[in-house]
Amino acid sequence: MTSKQYINNRKLLIAAPFKGDALSLQKVLKEQYATRALPNLASLSSAIGEHTGLIILTEEALVGDVACFGNALDQQPAWSEIPIILLASSQGRSGRDTDLARRRLPSSAGHVIALERPLSSASLLSAVAAAWRARERQFDMRDRLAELAEERGRLHILLENVPVGISFMDKQGQSLISNPLYRQYLPRGVIPSKDSTEMPSWEGLDPQGNRLAPDMYPGARALRGESATGVEFRHRSGDDGESWRRVSAVPLFDQSREIIGAAAVIVDINEEKHAELSLRRFNEELEIQVQARTQELKAVIGQLKKESDERLRAEERLRHSFKMEAVGQLTGGIAHDFNNMLTGVIGSLDLIKMRLAKGNTDGIDRFMEAANTSAQRAASLTQRLLAFSRRQSLNAQAVSVNQLVLALQDLLYGSVPEHLNLIFDLSDEDPWICADANQLENAILNLVINARDATPEGGTLTVSTRLDPSESSDEPGTVVIEIRDTGCGIPPGVLDKVMEPFFTTKPIGQGTGLGLSMVYGFAKQSNGRLDIESTPEVGTTVSIVLPEHPREIPDSPPASGATVPGKGQSILLVEDDDSVRLINQEVLRELGYEVTTARDAEEALKHFHALDHVDLLVTDVGLPGMNGRQLAEVIQHAAPQLPVLFLTGYAAGARDRADFLGPHMQLLTKPFSLDALASRVADMLAHSEQMKPSGAETL
20 MTSKQYINNR KLLIAAPFKG DALSLQKVLK EQYATRALPN LASLSSAIGE
70 HTGLIILTEE ALVGDVACFG NALDQQPAWS EIPIILLASS QGRSGRDTDL
120 ARRRLPSSAG HVIALERPLS SASLLSAVAA AWRARERQFD MRDRLAELAE
170 ERGRLHILLE NVPVGISFMD KQGQSLISNP LYRQYLPRGV IPSKDSTEMP
220 SWEGLDPQGN RLAPDMYPGA RALRGESATG VEFRHRSGDD GESWRRVSAV
270 PLFDQSREII GAAAVIVDIN EEKHAELSLR RFNEELEIQV QARTQELKAV
320 IGQLKKESDE RLRAEERLRH SFKMEAVGQL TGGIAHDFNN MLTGVIGSLD
370 LIKMRLAKGN TDGIDRFMEA ANTSAQRAAS LTQRLLAFSR RQSLNAQAVS
420 VNQLVLALQD LLYGSVPEHL NLIFDLSDED PWICADANQL ENAILNLVIN
470 ARDATPEGGT LTVSTRLDPS ESSDEPGTVV IEIRDTGCGI PPGVLDKVME
520 PFFTTKPIGQ GTGLGLSMVY GFAKQSNGRL DIESTPEVGT TVSIVLPEHP
570 REIPDSPPAS GATVPGKGQS ILLVEDDDSV RLINQEVLRE LGYEVTTARD
620 AEEALKHFHA LDHVDLLVTD VGLPGMNGRQ LAEVIQHAAP QLPVLFLTGY
670 AAGARDRADF LGPHMQLLTK PFSLDALASR VADMLAHSEQ MKPSGAETL
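In our numbering, the protein residues as written are 20 to 718.
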């Protein structure tokens, strides 16, 4: 703290009868100190107070009433000793004669600095600064003492009112500080292990209820440097009888880690122990009653056991059915939002953004590839979840099972090791089904990979097809696709769980537990079923059973080619997700289309009626309010020939495309590549142009 800061809260008092002395002193000191000049000791004595920092006296001021000055100093607090600088005159005296002036001061003036005049301003300022610093240390000490007193008061209140007994003891176990409750428990203030008169009243017990030796009591252990907590004691006193206490103690160390004593806490647990004992007695009585009742009911239990076992099996089957349905509803419900989130791929895009912000394009291709790979993996997981939940959008078409399996031969051969013998046993009847060919291929590939993993030591894996005719000639038969292996098989206790999602018998990191559940969901959604037969150490047969379908001549697949750029055609894009809408809008505009965007069906209808014409409606199915399918019906009512492309991550109504799609409608499942979107838009616009009558105008 500088002298400038002292001026704000301390006064330097000057007692000088000669006005010239007072003015000279103030002139020297006023730049650094708050001064007040007084003409005599009486005025000085009245001015002395708690904000007095320093007193300067000239020898001439001592001719007044020195006693009143002494009384004013005596009234100062014990911590206060105001420094006094006495300016004595040396005229006609030796330097040591200043003691004569000093002896005229009262005895209560303890801190006196005598200076001979004349003296320089520098000497005076130096002496004043030293005395002022000493005075400031007094004020600091006062403040610290006040803080300590306040802290001690709070600690005293805490000790007096805390509902446990607390003590700080010396090395002999004698309390140095304790609260009333502790003194109530130990009136002599000495721990039982150190006081033979208290020892019989305290019986310590270990957690097993065995009696403790006195040297194992918490206080004795703490004085040896050990911590002891939660030791229960049975305490006996003549007034209260027997009661229970819980005692804890910890050692106290000095700076050199020498034990100087211990701290102990005693808690009254009498009610807790009595409640525990009452509960124990109640339990013992209840156990006796239960045993008696058990004997009476034993005959009835034996009679009901068989019925109970059968009921438990039925309940287990019912719980399993509910569990499978609940998981299906859950996976279907989250798929739409999850597919929208896949457009983020936050990590790689953030890295690309950081690189571009720095003008550094090195490695961006790698980050883009990583983002694309992550998105594709997420999309695959979503498709598996939707497949199990039987809520994926299936493009069911007539499919020759034999031709589909033959098309997969090269891929399946490449998926199994050389030591595994892969055999194809296809039906001579060339059975047909109505199913989504891509999903069926995925299902077969999943089952072959499972069979491969079940035969690590080698063996035979057979993929076969057959047609099982119906018992009635009027009804179609069933087509069976079997994957058989000679592997380790599945234990009977596990067989009922293998179709549950995320259940896997493979080691951690080698299976998601979604393969069989996905195949199960696909089969159920395709009006079929999935059968599994397995014998441990013999092998497993998994059968996809689907209804037979009449043969059809498939349409020629469209020729693939480069994306055709747009010619300014007008596209109305409806998407509630901001990120997806922005990306699709930019792609279509880059391809040369005029794009108008809307967040929901209401906004889309406003744009549709405001635009001169619309060549294509591209809309998400799951919109808030009116969904995309309803929006398409409204718009096609005004423009019957308008093509509509639906985009969906999940929509319950779109699971069967044949039922969901109307005339001039197509569906694209999220997530999709931007090339796929551009190609589909170009194909639909080209087809729409071909279907227009000559001279027709676009609405």
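Cβ coordinates follow ideal geometry from the N, Cα and C atoms, glycine included.
Per DSSP, cross-strand counterpart(s) of Ser562:
Glu501 and Asp550
Anyone know if the C-beta pair for Pro206 and Ala153 falls short of 9 Å?
no
Quick test of the definition: if touching needs 3 or more C-beta pairs under 8 Å, does the segment 47-59 touch the segment 125-132?
no
Is the segment 590-607 in contact with the segment 555-564, if contact means three or more CB pairs nearer than 8 Å?
no
Determine the DSSP secondary structure at Asp449, reduced to helix, strand or coil.
coil
Using three-state DSSP, classify Asp631 as helix, strand or coil.
coil
Using the DSSP secondary-structure output, state which residues sit across from Phe37 in a beta bridge.
According to DSSP, Phe37 bridges with nothing at all.
Cβ pair count under 8 Å reaching 3, the segment 426-439 against the segment 475-491
yes
To the nearest angstrom, report how far apart Arg202 and Gln227 are at their CA atoms.
Taking the straight line joining both Cα atoms gives about 29 Å.
In terms of residues, what are the limits of the alpha helix (DSSP H) holding Ile602?
Asp597 to Glu609
When the Cα of Ile452 is compared with those of Arg570, Ile371 and Ile463, which residue comes out closest?
Arg570
Beta-carbon proximity list for Val286, same chain, < 7 Å, skipping 5 on both sides:
Val183, Arg264 and Arg265
Rounded to the nearest angstrom, what separates Gly10 and Ala470 at their Cα positions?
No answer is possible for residue 10: it lies beyond the span of the chain, which begins at 20 and ends at 718.
On the CB-based measure, 16 or more other CB atoms within 10 Å of its CB, does Pro576 come out buried or exposed?
Summary for Pro576: the model assigns pLDDT 44, below 50, so the residue's position carries little reliability; its value from the coordinates is reported in the next sentence. Burial call: exposed.
Quick check on Gln709: buried or exposed, where buried means 16 or more other Cβ atoms within 10 Å of its Cβ?
exposed
Mind checking Tyr432: buried by the 16 CB within 10 Å criterion, or exposed?
exposed
Between Leu445 and Ser483, how many whole angstroms is the CB-CB distance? I'm expecting something under 8 Å.
7 Å
For Met188, report the span of its beta strand (DSSP E) as first-last.
Gly184 to Met188
Are Leu687 and Ala695 close, meaning C-beta to C-beta below 9 Å?
A Cβ-Cβ contact shorter than 9 Å links Leu687 with Ala695.
Going by alpha carbons, who is nearest to Asp619 out of Glu594, His626, Ala107 and Gly611?
Glu594
Spatial neighbours of Met684 within its chain, please: C-beta separation below 6 Å, excluding the five flanking residues on both sides.
Cβ neighbours of Met684 beyond the five flanking positions: Val663.
Nearest residue (CA-CA) to Leu81, options Ile104, Pro96 and Ala97
Ile104
Where do the N-terminal and C-terminal ends of the beta strand (DSSP E) with Gly613 fall, by residue?
Position check: residue 613 holds Glu in this sequence, whereas Gly was assumed. Glu613 to Ala617 is the span of the beta strand (DSSP E), which, as asked, contains Glu613.
Roughly how many angstroms separate the alpha carbons of Ile307 and Ala247, rounded to a whole number?
In this structure, the straight-line span from the alpha carbon of Ile307 to that of Ala247 is close to 38 Å.
Using the Cα positions of Leu666 and Glu448, report the straight-line distance between them to the nearest angstrom.
39 Å
Just mark Phe37 as buried or exposed, buried being the case when its beta carbon has 16 or more other beta carbons within 10 Å.
exposed
Count the other CB atoms, across all protein chains shown, that sit within 10 Å of the CB of Phe88; report buried if there are 16 or more and exposed otherwise.
buried
So, using beta-carbon positions, are Asn90 and Ser62 closer together than 9 Å?
For Asn90 and Ser62, no; Cβs fall outside 9 Å.
Drop a sphere of 10 angstroms on the beta-carbon of Ile320, count the other beta-carbons inside from all chains shown, and report buried for 16 or more, exposed for fewer.
exposed
From this set, Tyr204, Ile602 and Arg312, which residue's C-alpha is nearest Ile185's C-alpha?
It is Tyr204 whose Cα lies nearest to the Cα of Ile185.
Leaving out the 5 sequence neighbours to the left and right, which residues in its chain are closer than 6 Å to Ile279 when beta-carbon positions are compared?
Excluding five sequence positions before and after Ile279, the CB atoms of its chain that fall closer than 6 Å to its own CB belong to Leu271 and Asp273, given in chain order.
Quick check on the DSSP output: the alpha helix (DSSP H) that includes Asn457 runs from which residue to which?
Asn457 -> alpha helix (DSSP H) spans Ala456 to Asp472.
Would you report the Cα separation of Gln416 and Ala473, rounded to the nearest angstrom?
It is roughly 32 Å from the alpha-carbon of Gln416 to the alpha-carbon of Ala473.
Are Ala148 and Ile132 close, meaning C-beta to C-beta below 9 Å?
no
Under 9 Å between C-beta atoms of Ser267 and Pro237:
yes
Report all residues from its chain with a CB closer than 8 Å to the CB of Ala705; omit the five preceding and five following residues, and keep chain order.
Val583
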